[in-house]
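Protein chains in written order, with this note's numbering: chain Y, 49 to 217; chain L, 857 to 1170; chain C, 546 to 1179. Idealized CB from N, CA, C, for every residue including glycine.
Shown next as structure tokens:
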């Protein structure tokens, strides 16, 4: 117990500075002002795995760690779509997960935004055209922003989410 | 007259407004202790404000109990704020009850929250309800024996009078029985407010949840009320620990100057307790669910030892 | 026809209730009819304690009889037994001599036995009930005859006067015998085995009376022998009652937690609540002889208050369970669910009963448990470490009971009424008819009134306690019509203020949330099931699952057997066809006490059967031997 505390006090804060703003590919972004007003300081994110290879999940996992620290921007991950404002959807939507994704979207209270992560989320990525895959996330639920990459690094993810919120750093 | 109305309004405001800060401070400290920058301590206020603006989604399976529970839960916390000596040692509703009323009020809130968990007909809600009432029931004997230990020394069970009498005579407060009762009550606080090692407030794994599982179905303003009520419960338990076991600096009048002093002293005590809580939560891991009764039995043993210590010291 | 009889019963209860109230508030009277009953005549006497119990019986029987008008509509038999039952229960507290008492007691037992025995499921329950109640009656009979022999009279007034002159051993023996008899009727551990069998088997309105009122008459007897007929006894009487009460409370609620039959669960809660009453009574019996007579009065007020409260909420809960049984045809919680939408009145009344029995503020259960706590907490006035330790353990036991009772009623109300219906019958349940609803609402209002109006209930109870503790000053005062104060500034409570504060707070919050910008609407959707496509009622938590944490924590007590049968597909051991899991709990009393006892009794009677040889000559020889023995001994 004390070893952990000593390590923490010795190592200190390791959080990196936030990534600079840059253009991200966006599909049908709603009024930035409204999103920033509502969610600029506090966003609850629910991550949905719609058939992904889990590469994006590993990168998203890094977001909650000390180096990229999502919480300092008021963003946090929640356990239920009922608590969420933002659905972070990974993976090409497989046929088995299409209905589940739609139910998740319906269970989320309004107003909400949807961010599709990775090339798979954009249009199916390397799995596009497969018999098991429906297509990108936009083919099942309305999407507000896309963060491309295979997988996108945590820096890109963080930049993408902050840009979707219209946050200045 | 002014004093009475101030004495009625100020504790409620302090509890209602201060509760999210205590939660935020604990979270920030925990983040810093693991090397993260973390959100700033005012973040819970932003979260609550955002939640109020969202339109809740309510399951068709639920009944009026689901919609009433958040309001009733928050109401029990607000009424408890008037019964506990928060800022002064003469709480306005102190005549209306004592520690037993307090435990009854908290149990009333837990009862309804557990019912709300069952109301949606989901598996998680039932699981959360079952575990939460089990933990709450097993914590009750410790509370009453710890209160008995305090009442033995102060010769009263009225919380305000306990604070005043223990504050006047330091010898009553600085002895092993007191420390044992403090330890027992601290463990009960962890159990009742759902903190590590009993329950992890930040977990996303439903199978490890106790409190969170009951509120998975809430959204919007209902969720805001439930989260706020949980923060108030933590605040009230910390206040009890602070004022009953460290009873100095609690004024007995509700004059504006005395109130300001009371608030300042309470703030200091709560910051110290939040730091202690953050350190503890960072250092320990969550207990397996069926080890929690062992922990609570241990706290009961501590409380019983405290009572026996009173007899030995006399 | 049945309507008329039950209506008559209701009116008679109302009249009896008025008589009881009059007695409670100080109107004492006696009535003697020497020729009506042999061996002493019928003697009735009213004092404050009798008045209280008559009022409790009557005012519980009133809504129950109204309920029965609709519940038992068109019944052809059983009404004579019901009227006898009611009448006997009204006479027991009024009896002023042993013969009247025993006669009324036995009539009460026989009438209730009859009502249990005529039910289809009542066979074994009726047998166990008959055995236990007659074993108790035998103890009562012997005890009272010993007391009559020692004091030379059969009237209670004479016993009161002559009790101090009895020698100690006789008093102890009489106390133990009478206590066993009364405790058996009250359902105290370990004499409780008949309760969870008989109360569920009886029809619901009879169960309400048996649980709500008949067991109270056992408590009445215990109060009489502890404080009245035998004078003041030594502290160990109180310790025995206190310990028995604590065990009953904890064990009763532990058994209730793992039970899924709605009525049997309520029966176990009766055992628990009688335990709580006995904790108060036991404390009084300990305080009285050691000189703390004020505390004895306080503890007695707590016990009496809980008696009244339990009658109210237990009757309410049984009537609610009867309503559910009437609508769904089942008592098994695992087959219910979603009833709050289909039976809103029953659900609301059952909820009030659940909050009351869980001892949550501001309803009545909380007030009497609070008073019991206050009596126990002040035990340090009696500076005997052994007693202090017993009191500390009683405190812990009472607190544990309170917590577990709340947990159990979350299960009982939540699984039965909330969520989705788990069977066809539950899905098609209908609300109860008007008479049943009226009775339940009346009792629910009574629970609320007894809780919020505590300042009105405490003074008459204090007068009863003062009478019983020979004029001790009762340390409870009512302040400002709103607060109940105990022992000066030791503690105070005001349920009226708490209820008002909660109400105001809820309203302020509703307004405040609206003002803070929240929308007033909510979108209705499905329960979040992790994106599962099909959500059925089977995915909900079950009662068995709900009580699982308790089964695991207390498994040294329940000693559950676990049986797991996995049925595999014959062609592949990887495909499971079905899994059956059973985890029945065993009753330690059945295993360790009653089964060996009955086995020993069976062996003894088998041996004694040798006397019955069937030969008439041998029987004539027996008669001759008996005659000779009587002539010699006489």
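- Query: What is the C-beta distance between residue 995 (chain C) and residue 857 (chain C), in whole angstroms, given that I count them as a contact (C-beta under 8 angstroms)?
  - Reply: Your numbering for residue 995 (chain C) matches position 450 in the third chain. Your numbering for residue 857 (chain C) matches position 312 in the third chain. Rounded, the Cβ-Cβ distance is 6 angstroms, consistent with contact.
- So which residues on chain L does residue 960 (chain C) lean against when the C-beta distance must stay under 9 angstroms? Numbered from its first residue, the third chain carries residue 960 (chain C) at position 415. Residues of chain L passing the Cβ test: 974, 982.
- Integer Cβ distance of residue 1105 (chain C) from residue 1130 (chain C), believed to fall under 8 angstroms: For the purposes of this step, residue 1105 (chain C) is taken as the residue at position 560 of the third chain. For the purposes of this step, residue 1130 (chain C) is taken as the residue at position 585 of the third chain. So it is a contact: roughly 5 angstroms between Cβ atoms.
- Task: Quick one: using the 10 Å Cβ neighbour count with 16 as the cut-off for buried, is residue 969 (chain C) buried or exposed?
- Result: Residue 969 (chain C) sits at position 424 when you count from the first residue of the third chain. That one is exposed.
- Query: Where do the N-terminal and C-terminal ends of the beta strand (DSSP E) with residue 206 (chain Y) fall, by residue?
  - Reply: Counted from its first residue, the first chain places residue 206 (chain Y) at position 158. Here residue 206 (chain Y) belongs to no beta strand (DSSP E); instead the alpha helix (DSSP H) covers 202-213.
- Message: Please state the DSSP three-state secondary structure of residue 56 (chain Y).
- Response: Reading the first chain from its first residue, position 8 is the one you call residue 56 (chain Y). In the structure shown, residue 56 (chain Y) sits in a helix (DSSP, three-state: H, G or I).
- Task: Pick out the complete alpha helix (DSSP H) segments inside the stretch 1136-1161 of chain C, 4 residues or longer, and give them in chain order.
- Result: 1140-1153
- Message: Our contact map puts residue 123 (chain Y) next to residue 189 (chain Y) with C-beta atoms below 8 angstroms; I'd like the distance itself, whole angstroms only.
- Response: Translated into positions along the first chain, residue 123 (chain Y) becomes position 75. Translated into positions along the first chain, residue 189 (chain Y) becomes position 141. Actually they do not touch by this definition, with Cβ atoms about 20 angstroms apart.
- Query: When we look at the beta-carbon of residue 692 (chain C) and count the other beta-carbons within 10 Å, is it buried (16 or more) or exposed?
  - Reply: Numbered from 1 along the third chain, position 147 holds the residue referred to as residue 692 (chain C). The residue is buried, with at least 16 neighbouring Cβ atoms inside 10 Å.
- Message: I'd like to know if residue 964 (chain C) contacts chain Y, where contact means its C-beta is closer than 8 angstroms to some C-beta of that chain.
- Response: Taking the first residue of the third chain as position 1, residue 964 (chain C) is located at position 419. Not an interface residue.
- Item | At least 3 beta-carbon pairs within less than 8 angstroms: the stretch 819-838 of chain C vs the stretch 792-799 of chain C | yes
- Message: When you compare the CB positions of residue 608 (chain C) and residue 984 (chain C), do they come within less than 8 angstroms of one another, or not?
- Response: Mapped onto the third chain, residue 608 (chain C) falls at position 63. Mapped onto the third chain, residue 984 (chain C) falls at position 439. Yes, the Cβ-Cβ distance between residue 608 (chain C) and residue 984 (chain C) is below 8 angstroms.
- Task: Would you kindly report the start and end of the unbroken beta strand (DSSP E) that includes residue 1022 (chain C)?
- Result: For the purposes of this step, residue 1022 (chain C) is taken as residue 477 along the third chain, with counting starting at 1. First-last of the beta strand (DSSP E) with residue 1022 (chain C): 1021-1024.
- Task: Name, please, each residue of chain C whose Cβ falls closer than 7 angstroms to the Cβ of residue 155 (chain Y).
- Result: Against the first chain, residue 155 (chain Y) aligns to sequence position 107. Residues of chain C passing the Cβ test: 1070, 1073.
- Item | Same chain, Cβ closer than 6 angstroms to residue 76 (chain Y), neighbours up to 5 away in sequence not counted | As a working mapping, residue 76 (chain Y) is identified with position 28 in the first chain. Caution applies to residue 76 (chain Y), whose pLDDT of 40 falls short of 50 and renders its modelled position unreliable; the value that the coordinates give is listed next. For residue 76 (chain Y), where only same-chain residues beyond five positions count, there are no Cβ hits under 6 angstroms.
- Between residue 1141 (chain L) and residue 1053 (chain L), is the Cβ-Cβ spacing less than 8 angstroms? Taking the first residue of the second chain as 1, we reach residue 1141 (chain L) at position 285. Taking the first residue of the second chain as 1, we reach residue 1053 (chain L) at position 197. Their beta carbons are under 8 angstroms apart, which means residue 1141 (chain L) touches residue 1053 (chain L) by this criterion.
- Scan the stretch 579-607 of chain C and note each continuous beta strand (DSSP E) run of 3 residues or more that stays entirely inside, going in chain order. 587-591
- What are the residues of the stretch 871-891 of chain C that lie near chain L, defined by any Cβ-Cβ distance shorter than 8 angstroms? 882, 883, 885, 886
- Could you say if the stretch 869-884 of chain C and the stretch 767-786 of chain C meet the contact criterion of at least three C-beta pairs nearer than 8 angstroms? no
- Query: Name the DSSP beta bridge partners of residue 1113 (chain C), please?
  - Reply: Counting from one through the third chain, the residue named residue 1113 (chain C) turns up at place 568. Paired residue(s): C:1121.
- On the three-state DSSP scale, how would you describe residue 651 (chain C)? For the purposes of this step, residue 651 (chain C) is identified with residue 106 of the third chain, where counting begins at 1. Of the three classes helix, strand and coil, the one that applies to residue 651 (chain C) here is helix, per DSSP.
- Message: I believe residue 614 (chain C) touches residue 552 (chain C) by the beta-carbon criterion, under 8 angstroms. Please report the beta-carbon distance rounded to the nearest angstrom.
- Response: Here residue 614 (chain C) corresponds to residue number 69 of the third chain, with the count starting at 1. Here residue 552 (chain C) corresponds to residue number 7 of the third chain, with the count starting at 1. The Cβ separation is near 6 angstroms, so the contact holds.
- Please check the pair residue 876 (chain C) and residue 807 (chain C), which I expect to be a contact at CB under 8 angstroms, by giving their CB distance rounded to whole angstroms. Locating residue 876 (chain C) in the third chain gives position 331, counting from the first residue. Locating residue 807 (chain C) in the third chain gives position 262, counting from the first residue. Contact holds; Cβ gap of about 5 angstroms.
- Item | alpha helix (DSSP H) segments (min. 4 residues) lying fully within the stretch 777-858 of chain C | 780-802, 807-832
- Item | Continuous beta strand (DSSP E) assignments of at least 3 residues falling wholly in the stretch 881-967 of chain L | 913-915
- Task: Would you kindly work out how many angstroms separate the C-alpha atoms of residue 96 (chain Y) and residue 147 (chain Y), rounded to a whole number?
- Result: What you label residue 96 (chain Y) is simply residue 48 of the first chain in a count that begins at 1. What you label residue 147 (chain Y) is simply residue 99 of the first chain in a count that begins at 1. Cα to Cα, the separation comes out at about 12 angstroms.
- What's the C-alpha gap between residue 1159 (chain C) and residue 1153 (chain C)? As a working note, residue 1159 (chain C) is residue 614 in the third chain. As a working note, residue 1153 (chain C) is residue 608 in the third chain. Going by the C-alpha atoms only, they are around 14 angstroms apart.
- Taking only beta-carbon atoms, is residue 904 (chain C) less than 8 angstroms away from chain A? You won't find chain A in this structure, because its protein chains are Y, L and C.
- Item | residue 753 (chain C) - DSSP class collapsed to helix/strand/coil | Here residue 753 (chain C) refers to the residue found at position 208 of the third chain. Three-state DSSP puts residue 753 (chain C) in a helix.
- Name the chain L residues that come within less than 8 angstroms of residue 616 (chain C), Cβ to Cβ? For this step, residue 616 (chain C) is matched to residue 71 along the third chain. Under the 8 angstroms cutoff, chain L gives no residues; its nearest Cβ is about 25 angstroms from residue 616 (chain C).
- Message: Can you pull the chain C neighbours of residue 129 (chain Y), defined as C-beta to C-beta under 7 angstroms?
- Response: The sequence position of residue 129 (chain Y) within the first chain is 81, counting from 1. Going along chain C in sequence order, the residues near residue 129 (chain Y) (Cβ under 7 angstroms) are 1073.
- Task: Under the assumption that residue 956 (chain C) contacts residue 1117 (chain C) (Cβ atoms under 8 angstroms), give the Cβ distance between them as a whole number of angstroms.
- Result: Here residue 956 (chain C) is taken as the residue at index 411 of the third chain, counted from 1. Here residue 1117 (chain C) is taken as the residue at index 572 of the third chain, counted from 1. Contact doesn't hold; Cβ gap of about 39 angstroms is too wide.
- Please report how far the alpha carbon of residue 1078 (chain C) lies from the alpha carbon of residue 145 (chain Y), in whole angstroms. Against the third chain, residue 1078 (chain C) aligns to sequence position 533. Against the first chain, residue 145 (chain Y) aligns to sequence position 97. Each residue's Cα considered, the two are about 10 angstroms apart.
- Item | Helix, strand or coil at residue 576 (chain C) [DSSP, three-state] | By 1-based counting over the third chain, the position of residue 576 (chain C) is 31. Strand at residue 576 (chain C).
- Message: Can you check whether the C-beta of residue 87 (chain Y) is within less than 8 angstroms of a C-beta belonging to chain C?
- Response: For the purposes of this step, residue 87 (chain Y) is identified with residue 39 of the first chain, where counting begins at 1. No, residue 87 (chain Y) does not count as interfacial toward chain C.
- Contact with chain L by residue 97 (chain Y), beta-carbon distance below 8 angstroms: On the first chain, residue 97 (chain Y) is found 49 positions in, with the first residue counted as 1. Residue 97 (chain Y) does not count as touching chain L.
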